[in-house]
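>
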Amino acid sequence: MTTLLALDTATEACSVALLHDGKVTSHYEVIPRQHAQKLLPMIKQLLGDSGVALNALDAIAFGRGPGAFTGVRIAIGVVQGLAFALERPVLPVSNLAALAQGAMREQGVQQVAAAIDARMDEVYWGCYQASEGEMRLIGQEAVLPPERVALPDASTGEWFGAGTGWGYAERLAVQVAASNAAALPNALDILSLARFAWARGEAIAAEQAQPVYLRDNVATPKKR
4 MTTLLALDTA
14 TEACSVALLH
24 DGKVTSHYEV
34 IPRQHAQKLL
44 PMIKQLLGDS
54 GVALNALDAI
64 AFGRGPGAFT
74 GVRIAIGVVQ
84 GLAFALERPV
94 LPVSNLAALA
104 QGAMREQGVQ
114 QVAAAIDARM
124 DEVYWGCYQA
134 SEGEMRLIGQ
144 EAVLPPERVA
154 LPDASTGEWF
164 GAGTGWGYAE
174 RLAVQVAASN
184 AAALPNALDI
194 LSLARFAWAR
204 GEAIAAEQAQ
214 PVYLRDNVAT
224 PKKR
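This note's numbering puts the sequence shown at residues 4 to 227.
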């Protein structure tokens, strides 16, 4: 049986989830600016409570962004440290996809417009449709002003909005049936998506793990 650990620190939420012997356990907290201190103890406690040793892991999944610059870096740093030490592969998962997967899990919706507040008057944006229990990206993820977002061409049926970007609902250039602007990514849903990726053989070496910010200039000083 596959044993997978998933973790996420890309937003205000810090969460971990574990698949072992077909059973899923998880821990989720909204703890802004405490991720660096809390993540490793959360992992240790989750593994301890489940009676699983670190070296029993087959792979480690993580939220690879988009999200807060510091938060995404914390996740990648911890994942690479563990994966190098254990000589295990990693499974990067989109935080927008995790939002969509969470909306399907909680609301039963099949089409989700995921949006994370990107600050600087922009949102991280991605549209997802369910296929055999997995939320799959339609088109591309992007970072855009709220007025420039769009649903996929020729899309039909109802859409659900998930994520903090829906705090801009009045400015977002799309209509949805309902939305949850309080939704944050959860390692539980990163784990679900990672199981599909693992089954497809999409795990990569730890050194290949890269953050996805969608903003090319996220840490580049402005030229004068």
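Note that the Cβ used here is the ideal one computed from N, Cα and C, for glycine as well.
Keep in mind that this is a model prediction, so the values were computed, not measured.
(1) For Asn183, write down the residues that DSSP places opposite it in a beta bridge.
(2) Return the CA-CA distance between Met107 and Tyr131, expressed in angstroms with no decimal places.
(3) Assuming Asp120 and Gly170 form a contact by the criterion Cβ under 8 angstroms, report the distance between their Cβ atoms to the nearest whole angstrom.
(4) With respect to the alpha helix (DSSP H) encompassing Ser195, which residues constitute its N-terminal and C-terminal limits?
(5) Here's the rule I'm using: 16 or more other beta-carbon atoms within 10 Å means buried, otherwise exposed. How should Glu125 be labelled?
(6) Tell me where the beta strand (DSSP E) around Ser29 begins and ends.
(7) Can you give the Cα-Cα distance for Asp24 and Met4, rounded to whole angstroms?
(8) Can we say the stretch 49-62 touches the stretch 14-32, given the rule of at least three CB pairs closer than 8 angstroms?
(9) Between which residues of its own chain and Pro35 is the CB-CB distance below 7 angstroms, once the five residues before and five after are set aside?
(10) Taking the continuous alpha helix (DSSP H) assigned at Leu89, which residues delimit it?
(11) Count the other C-beta atoms from every protein chain shown that fall within 10 angstroms of the C-beta of Gln104, then say buried if there are 16 or more, exposed otherwise.
(12) Using the three-state DSSP reduction, which class does Lys226 fall into: helix, strand or coil?
(13) Thinking C-alpha only, which one of Val179, Ala59, Leu42, Ala153 is nearest Gly74?
(14) With which residues is His23 paired in a DSSP beta bridge?
(15) Just grab the DSSP bridge partners of Glu173 for me.
(16) To the nearest angstrom, report how far apart Ala153 and Asn58 are at their CA atoms.
(17) Which ranges does the alpha helix (DSSP H) cover as unbroken runs of at least 4 residues, wholly within the stretch 86-156, from first to last along the chain?
(18) If we ignore side chains and look at the alpha-carbon of each, how far apart do Ile77 and Pro149 end up?
(19) What does the Cβ neighbour count give for Met123, buried or exposed, with the cut at 16 atoms within 10 Å?
(20) CA-CA distance, Lys226 and Gly68?
(21) Taking the alpha-carbon positions, what's the Leu175 to Glu90 distance?
(22) Looking only at DSSP bridge pairs, what is Leu228 linked to?
Reading off the structure:
(1) As a working mapping, residue 183 is identified with position 180 in the sequence shown. Answer is Ala165, bridged to Asn183.
(2) Taking the first residue of the sequence shown as 1, we reach residue 107 at position 104. Taking the first residue of the sequence shown as 1, we reach residue 131 at position 128. One C-alpha to the other measures close to 10 angstroms.
(3) For this step, residue 120 is matched to residue 117 along the sequence shown. For this step, residue 170 is matched to residue 167 along the sequence shown. At roughly 6 angstroms, the Cβ-Cβ gap stays under 8 angstroms, so Asp120 and Gly170 are in contact.
(4) For this step, residue 195 is matched to residue 192 along the sequence shown. Looking at the DSSP string, the run of the alpha helix (DSSP H) that includes Ser195 is 190-202.
(5) Taking the sequence shown and counting its residues from 1, the one referred to as residue 125 is at position 122. Buried, by the Cβ-count rule.
(6) Taking the sequence shown and counting its residues from 1, one reaches residue 29 at position 26. Start and end: 26-33.
(7) The count along the sequence shown starts at 1 and reaches residue 24 at position 21. The count along the sequence shown starts at 1 and reaches residue 4 at position 1. If you take the alpha carbons of Asp24 and Met4, they lie about 6 angstroms apart.
(8) yes
(9) Here residue 35 refers to the residue found at position 32 when the sequence shown is read from its first residue. Excluding sequence neighbours, Pro35 sits near Glu15.
(10) Residue mapping note: residue 89 aligns to position 86 of the sequence shown, counting from 1. Run containing Leu89: 72-89, per the alpha helix (DSSP H) assignment.
(11) Taking the first residue of the sequence shown as 1, we reach residue 104 at position 101. So Gln104 counts as buried.
(12) Position 223 of the sequence shown, counted from the start, is the residue given in the question as residue 226. Bear in mind that a pLDDT of 41 at Lys226, under 50, signals an unreliable position, so the number given afterwards is only what the model happens to contain. In the structure shown, Lys226 sits in coil (DSSP, three-state: anything other than H, G, I, E or B).
(13) Here the question's residue 74 lines up with position 71 in the sequence shown. When only C-alpha atoms are compared, the closest one is Leu42.
(14) Along the sequence shown, one-based indexing puts residue 23 at 20. Beta-bridge pairing links His23 to Lys26.
(15) Working through the sequence shown from its first residue, we reach residue 173 at position 170. Bridge partners of Glu173: none, in fact.
(16) Taking the sequence shown and counting its residues from 1, one reaches residue 153 at position 150. Taking the sequence shown and counting its residues from 1, one reaches residue 58 at position 55. Approximately 44 angstroms between the Cα atoms of the pair.
(17) 98-110
(18) Against the sequence shown, residue 77 aligns to sequence position 74. Against the sequence shown, residue 149 aligns to sequence position 146. Spanning the two alpha carbons is a distance of roughly 27 angstroms.
(19) In the sequence shown, counting from the first residue as 1, residue 123 sits at position 120. That one is exposed.
(20) On the sequence shown, position 223 is the one that residue 226 refers to. On the sequence shown, position 65 is the one that residue 68 refers to. Its pLDDT being 41, under 50, Lys226 is placed unreliably in this model, and the coordinates cannot settle the point.
(21) The sequence position of residue 175 within the sequence shown is 172, counting from 1. The sequence position of residue 90 within the sequence shown is 87, counting from 1. So the two alpha carbons sit approximately 44 angstroms from each other.
(22) In the structure as shown, the chain starts at 4 and stops at 227, and residue 228 therefore has no counterpart that could be examined.
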